[in-house]
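Taking the UniProt record's numbering, I'd label the letters of the sequence shown as residues 342 to 594.
Reviewing the structure listed below.
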Amino acid sequence: PARGSEVLRASALTKRFGGLVAVDGIGFALNAGEVVGLIGPNGAGKSTTFNLLTGVLAASGGAVTLLGQPIGGHSARAIAGRGVARTFQHVKLVHGMTVLDNVAIGAHLRGHAGAAHAALLLDRAEEARIFALAWQQLHRVGLAHVAHLVADELSLGQQRLVEIARALCLDPVLLLLDEPAAGLRHLEKAALAKLLDRLRAEGMTILLVEHDMDFVMNLTDRLVVMNFGAELAQGRPREIQANPAVIDAYLGT
Ligand code: ADP
Ligand code: MG
């Protein structure tokens, strides 16, 4: 998509768990080349929102469009196949498997509707394509030199980059990152911020949930703030930092 054009729009998005309204009618748009932060206190509904956008959970109400097409009710696999890639709050790498193989899992998923296809019937050309793509993404995140190490041997910061490389194999139109900087050391955070800046420069659209406010405020173009499932505010980092309601509910604590 052309820089600045709409990639995703959520409208009146709602999720109820029994009597609890975990996501309460929120709406926002993400434009191509933007890095947007989704912030708010624990329990605000951020992860549930990610799960609604990626089809992991079905919404109770509202709509989501991707490049103008409705994706509400589509399966997680279908939405991933259309280029919405994500990483998880808790790193999900396969233990005992090399970094390269962990990234190649993402390449398997690209463009295929069925998981069975990923596991079976790989011809040589397909396998070569997958590993070329995985190498390319490892270079992109600066981890080619550890491609043959077992993923468990890497630092948490490197493991997070492996997850991003795997997500990039989908050739995503939108990248969703759930707390990518959590638990990282200072230098690892700086390396992550540099990578995300570079992806933005390449035109990638990124939505991230993150509690490290220095990281968020320096990196993002715009913020969506949630509290008790609802939208508390939206705006540029400077505006959000000065917003009394946001300070009261979140930033001041
Ligand atoms: P956040 O990621 O902002 O910390 P969550 O989206 O995880 O918040 O949770 C929002 C609210 O929904 C919380 O009150 C949480 O307990 C509740 N919740 C999340 N998932 C479920 C679920 N599967 N069943 C019931 N309640 C849930
Ligand atoms: Mg969460």
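Even for Gly, the Cβ is constructed at its ideal location relative to N, Cα and C.
The model shown is predicted, which means the values in this text are computed figures rather than measured ones.
For F429, which of helix, strand or coil comes out of DSSP? DSSP, reduced to helix, strand and coil, places F429 outside both helices and strands of the structure shown, so it counts as coil.
Under 9 Å between C-beta atoms, does A534 make it to chain E? Annotation note: the requested chain E is absent from the structure, which comprises a single protein chain.
In whole angstroms, give me the CA-to-CA distance for A590 and T439. If I take the Cα positions, the gap works out to 43 Å.
Please report the residue range of the beta strand (DSSP E) in which V348 lies. Its beta strand (DSSP E) spans residues E347 to F358.
DSSP three-state assignment for L495, whether helix, strand or coil: It is coil, neither helix nor strand.
So the candidates are G437, L511 and V487; which of them puts its Cα closest to the Cα of R470? The residue among G437, L511 and V487 with its C-alpha nearest the C-alpha of R470 is L511.
Which residue comes first and which comes last in the beta strand (DSSP E) that contains A404? Secondary structure note for A404: its beta strand (DSSP E) is the uninterrupted segment G402 to L407.
Measuring from each Cβ to the nearest heavy atom of the ligand ADP, keep the ones under 5 Å and list them in chain order. Having a Cβ closer than 5 Å to some heavy atom of the ligand ADP are F358, A363, N383, G384, A385, G386, K387, S388 and T389.
Same chain, Cβ closer than 6 Å to G396, five either side skipped, listed in chain order: Counting only residues of its own chain and dropping the five nearest sequence neighbours on each side, G396 has a CB closer than 6 Å to the CB of H415, S416, A417 and I420.
Reduced DSSP secondary structure (H/G/I, E/B, other) of P521: Here P521 carries a coil assignment [DSSP, helix/strand/coil].
Three or more C-beta pairs under 8 Å: does that hold for the segment 372–384 against the segment 345–364? Counting Cβ pairs under 8 Å, three or more are found: they touch.
Assigned secondary structure, L540 (DSSP; H/G/I helix, E/B strand, else coil): Reduced to three states, the DSSP call for L540 is helix.
N568 - partner residues in DSSP beta bridges: Answer is A571.
Runs of 3 residues minimum, wholly inside the segment 365–392: which ones carry the beta strand (DSSP E) assignment? Considered as a whole, the segment 365–392 harbours 376–380 as its complete beta strand (DSSP E) runs of no fewer than 3 residues, in chain order.
Beta carbon of E572: closer than 8 Å to some heavy atom of the ligand MG? The nearest non-hydrogen atom of the ligand MG is 8 Å or more from the C-beta of E572.
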